Each structure stands twice: as structure tokens, then as C-alpha cells.
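*Asks:* Each residue of the sequence shown is one higher than the one before, counting from 1 in full-length UniProt numbering.
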Amino acid sequence: MAIPLLEYKPSSQNQRVSGYEIPNENTPRPYRIENCAENSDVQELIWAAYRQVFSEHEILKFFRQGNLESQVKNRAITVRDFIRGLAKSEAFRTLVIETNSNYRLVEIALKRFLGRAPYNKDEEIAWSIKIATAGWDGFVDALIDSEEYLTNFGENIVPYQRRRYKDRPFNLVTPRYGNYWRDKLEDARYIEGDIKNFLALANSINIRTVTYTSVNLANIKIPDTSRETVPQGIPVSINSSANFPVR
């Protein structure tokens, strides 16, 4: 028996309030499959989906899902199913799932699939329980099949950050993994790598022996540099009638 999603109170974030901003270069561009008349347009939509789901601005060949791309180009699957397939791919699991905790996975998934940040800690806890009970695939299905997703993106729109009128977009400020995972990798590198290579490093250091040369001070003549010494050939005149003030 599946545990139902815990209740939480949504807060009034930007995407829940109607705005009257004038569109500009910061306004997110929706990518719709029905607007793709040529193959290049479909390819641009596919790249937009990769950027949204993977948050990577340079998609490597290893990350690409050729089977899913082919189905989208042939209209065999919808954009929503394409997003679902990318979220469940092995590449996404390697890049994101295996390097983050359930709480951070909830934050990443809400930003990339629903286009908004978590409302509060209660929502993060509720969805993290969904991951723990239904697994990542069940969590992805719950998000993409939700009323919120269908209302805002439907079947043929690539998810995007809704009502982004200030700050930078999510995919520019959300790193691949959290600080705790980065620190864990650094600690492992220092503990395993440095200890393993310390002996080799110590043996590779070439220590030179310093040889001291004795110096004989007996034959060294020190010149007289006192002020009373007058060089030969220079006459010295003394004025004995000079008057000095008496205090």
C-alpha cells in the first residue's frame, strides 16, 4: 500500500501570482512541438529539454538519448514523455541522483520539472517520502502526471522557470551536487590520494647536503673609516678664531 502524499501549505511564490511585466530578454521562451515546422526547430526543442532536465550547457554524446530523440522527431511520443524519459535515463541517474540526497533531489526536480522552487520544508519532506517509498521513477511519474504540470506545460511544452522576472534562472545557480557531496569528494581525495602518494612523494624529494667552507680571517685587513682620518695630499685648515655661542 502506497503512502499518500503528505499535505503542505503552498506559499505565494511568483508563479502563483499573475504579473504584468513587459516581455524582455529575461522572459523565458516556451518551446512547443506544434511550433516546430522544420527539423531544425525540433532539434532546438530537444536541446532546450536537455538544458532544462540536465542543467548542462554542454551536452556530451554520452548523455544523449538517441531513441527518445528519434521518437520525438517522428511525433511518436509527446514532449512530456520525452521529459519523463530523460529524467529516468541512466545518464541522469549518474549525474544527479547518485550524488544528492532525497531532499536535494526534491529541490532539483521541482525546479526542473515544475519550473518553481519548493514552497517550504514541509513540501520537501512530503516529496522525499515519495522518493523513499515509490522510488525515483515513481516520484518522476507523480510530478509529470500531476495537475500542476499538465496545467502549465501540457503534453507538448518543455518545462521552464515560470515568471522569472528577477534573479538568474535555476539552471545557472543550481550546481550538479550540493556542498556536502563536494566536501565528501574532497575529503576522500585527500584521505585516499594524499596518504597513498605521500611515501612516493617523500622518496622523490632530492635532499642536498650543505657543505660549509671555512674562512680564514687572519689575512683580512679592515680599513680605518673614522672621521679623523684625512686622506694624504688634502690640506686641512682650522679656524681658531671662530666664536661659538656659550650657553
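Glycine included, every Cβ here is placed at the ideal spot set by N, Cα and C.
The structure presented is a predicted model; accordingly, all values stated were derived computationally and were not measured.
Looking only at its chain, what residues have a beta carbon closer than 6 Å to the beta carbon of Q15, apart from the 5 residues adjacent to it on each side?
*Replies:* What you label residue 15 is simply residue 15 of the sequence shown in a count that begins at 1. Same-chain partners within the cutoff: R116, R162 and R163.
*Asks:* Ends of the alpha helix (DSSP H) at E69?
*Replies:* Within the sequence shown, the letter at position 69 stands for residue 69. Element bounds for E69: G66 to K73.
*Asks:* Would you say L5 and A142 are within 9 Å of each other, going by their C-beta atoms?
*Replies:* Taking the first residue of the sequence shown as position 1, residue 5 is located at position 5. Taking the first residue of the sequence shown as position 1, residue 142 is located at position 142. Their beta carbons are under 9 Å apart, which means L5 touches A142 by this criterion.
*Asks:* Would you decide whether G135 is buried or exposed? Buried here means 16 or more other CB atoms lie within 10 Å of its CB.
*Replies:* Within the sequence shown, residue 135 is the residue found at index 135, counting from 1. So G135 counts as exposed.
*Asks:* Go through its chain and collect everything with a Cβ distance to K88's Cβ below 7 Å, but skip five positions before and after it.
*Replies:* Taking the first residue of the sequence shown as 1, we reach residue 88 at position 88. Only D137 and V140 meet the Cβ criterion.
*Asks:* With I3 and I129 assumed to form a contact (beta carbons below 8 Å), what rounded beta-carbon distance in angstroms separates them?
*Replies:* Counting from 1 along the sequence shown, the entry for residue 3 is found at position 3. Counting from 1 along the sequence shown, the entry for residue 129 is found at position 129. Sure, about 6 Å apart at Cβ, within 8 Å.
*Asks:* Taking only three categories from DSSP, how would you classify R51?
*Replies:* For the purposes of this step, residue 51 is taken as residue 51 along the sequence shown, with counting starting at 1. Reduced to three states, the DSSP call for R51 is helix.
*Asks:* When DSSP labels each residue in this structure, what does I131 get in the three-state scheme?
*Replies:* Translated into the one-based positions of the sequence shown, residue 131 becomes position 131. It is helical.
*Asks:* Quick check on the burial criterion: 16 or more other C-beta atoms within 10 angstroms. Buried or exposed for Y212?
*Replies:* If you number the sequence shown from 1, residue 212 lands on position 212. Y212 should be labelled exposed.
*Asks:* How many Å lie between S204 and F92 at the Cα?
*Replies:* Sequence index remark: in the sequence shown, residue 204 carries index 204 (1-based). Sequence index remark: in the sequence shown, residue 92 carries index 92 (1-based). Cα to Cα, the separation comes out at about 42 Å.
*Asks:* Give the DSSP bridge partners of R32, in chain order.
*Replies:* Within the sequence shown, residue 32 is the residue found at index 32, counting from 1. Partner(s): I157.
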